[in-house]
Each structure stands twice: as structure tokens, then as C-alpha cells.
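Novice:
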Amino acid sequence: MSVVRLGIGGPVGSGKTRIVERLLPIFAEEGISTAVITNDLVTREDAERVRRSGLIDPDRVLGVESGACPHTAIREDPSVNIEAVEWLERRFQPDVILIESGGDNLAATFSSELVDWWMFVIDVAGGDDIPRKRGLGVLRADLLVVNKIDLAPHVDADLDRIRADVAIARPNRPSLFTDLRRGEGVRAVFEELRRSALFGHGRT
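Using the UniProt record's numbering, you'd call the opening residue of the sequence shown number 1 and step up by one each time.
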């Protein structure tokens, strides 16, 4: 069975790397072989963070320097990421490759040449009006993750309003609310991606 390529996009600081770190132990527990590609502007900081985490064989983590336009590396010209995918496939034959985009704006989307399924991560600290802005990431992602719900009362974000706006923006697409720092909601994220993207992989 061919590798499943899962994209993780979202603005800087929304929790993209954290969700990778939270998902890796669940993949391992479920018997799903995993590799990771991270995109950063001019460094490989996120890749080094995942390697140091001890959650995955460091050789299974590749860092891509996407330059000043991170959306280009996942949409208009994903060739550098496709090369990284092909290298990981040849060397490790994983079931799943997680591809984390560089931090970008609300319009970032993934090319279908690069990923089979993708999620978009936003956080309540970015403002409770983000769903109303109708960014392409919010509208088109296979799964929307609204992270840092624990911060809502501290940043004057109306969580009920966010939920209502998300339901309007994505009436037929799944959305989940998480506190990834504490691990709240991560199992629901895994179950959704398993249902919609990983059928036939791991334990049944």
C-alpha cells in the first residue's frame, strides 16, 4: 500500500509542530510507520526540534528551507518537498509522511501533487475573527484545527463565537478544537485523519 502524505499548515505559532509531536506517539501505538518533513523559512529549526523530541528515529525527519514564500514550497512549486517525500519513501517505506508547512498566512493551501489530505491549524490567540475572514486554509482544508482554546479567556476571544463562525465557514467539513499543550483533543484529530485518510493502515 502506498504512503499517505498528510499536510499540516497554518500561521506561525499556531501549533503545527506541537501537533506533529502529539500525533507521533499515537501513530506508533497504532502500528503506523511514520516519517516527517518540516518547512522553515531559512533554518531547519522545526526539524531539529522533532529530532530532539525522542518521539521518532531522527533519520526519519527531514528539514526543508522553503525561503521567504513558504506557500510556494507546498503549492506553486512543491518540487523540493516532493523530492524529500521520495527519498523517505525509498529509504524507510513509511505508511505515513507528515509534511508541516512553514508558518504562513490564512491563504496557504497544499498542492494535490504533494499531499493526499491536509489540516489547517489556527489558534484563538490570533483573534476570534479568523474564521470570519474566510481564508483559503480555513475554507479548503480537509480538517480545521482550532488550537489553544485554553487561552480564550486570557485574550478576550469568544470561543462560542468562533465555534459558530467555523460552522458557517465549513458547513460540510470537519473542525476540531484543541489544547495541544495539554494534549486535549489530539486523539480526536487522529481519529478524524484515520477515518478520512488512513483507511487500511495500522491496527483495525
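Built from N, CA and C at the ideal position, the CB exists for glycine as well.
1. Report the three-state DSSP secondary structure of G137 (helix, strand or coil).
2. Where D104 and L144 are concerned, what is the direct C-alpha to C-alpha distance, given to the nearest angstrom?
3. Please report the distance separating the alpha-carbon of S66 from that of I56.
4. Check whether the segment 18 to 34 and the segment 77 to 90 are in contact - that is, three or more C-beta pairs closer than 8 Å.
5. Among the residues of its own chain, which have a CB less than 7 Å from the CB of N22, if the five just before and after it don't count?
6. Check whether the segment 134 to 149 and the segment 168 to 175 are in contact - that is, three or more C-beta pairs closer than 8 Å.
7. Can you tell me the Cα-Cα spacing of P70 and R5, whole angstroms?
8. Nearest-angstrom Cα distance between G127 and S111?
9. Between which residues of its own chain and I130 is the CB-CB distance below 6 Å, once the five residues before and five after are set aside?
10. Comparing C-alpha positions only, which one of V124, A47, A197 sits nearest to F177?
11. Is DSSP giving V92 helix, strand or coil here?
12. Along the chain, where does the beta strand (DSSP E) that runs through D20 open and close?
13. Contact defined as beta carbons within less than 8 Å: I believe A107 pairs with G9. What is the distance between those atoms, to the nearest angstrom?
Specialist: Taking the structure as given:
1. For the purposes of this step, residue 137 is taken as residue 137 along the sequence shown, with counting starting at 1. Note: G137 maps to helix in three-state DSSP.
2. Taking the first residue of the sequence shown as position 1, residue 104 is located at position 104. Taking the first residue of the sequence shown as position 1, residue 144 is located at position 144. Rounded to the nearest angstrom, the two C-alpha atoms are 15 Å apart.
3. Position 66 of the sequence shown, counting from 1, holds the residue named residue 66. Position 56 of the sequence shown, counting from 1, holds the residue named residue 56. Computed Cα separation, rounded: 23 Å.
4. no
5. As a working mapping, residue 22 is identified with position 22 in the sequence shown. Checking the displayed sequence, the identity of residue 22 turns out to be Arg instead of Asn. These residues qualify, in order along the chain: L180, G183, V186.
6. yes
7. Here residue 70 corresponds to residue number 70 of the sequence shown, with the count starting at 1. Here residue 5 corresponds to residue number 5 of the sequence shown, with the count starting at 1. Taking the straight line from one Cα to the other gives about 18 Å.
8. Translated into positions along the sequence shown, residue 127 becomes position 127. Translated into positions along the sequence shown, residue 111 becomes position 111. Approximately 27 Å between the Cα atoms of the pair.
9. Counted from its first residue, the sequence shown places residue 130 at position 130. The answer, listed in chain order, is I122.
10. Your numbering for residue 177 matches position 177 in the sequence shown. Checked all of V124, A47, A197; the closest Cα to F177 is V124.
11. Position 92 of the sequence shown holds residue 92. Checking the sequence, you will find Phe at residue 92 rather than Val. In this structure, F92 counts as helix in the three-state DSSP scheme.
12. Taking the first residue of the sequence shown as 1, we reach residue 20 at position 20. Residue identity check: residue 20 is Val in the sequence provided, not Asp. Where V20 is concerned, there is no enclosing beta strand (DSSP E), although the alpha helix (DSSP H) it sits in stretches over 16 to 29.
13. If you number the sequence shown from 1, residue 107 lands on position 107. If you number the sequence shown from 1, residue 9 lands on position 9. No, A107 and G9 are not in contact; Cβ-Cβ is about 10 Å, not under 8 Å.
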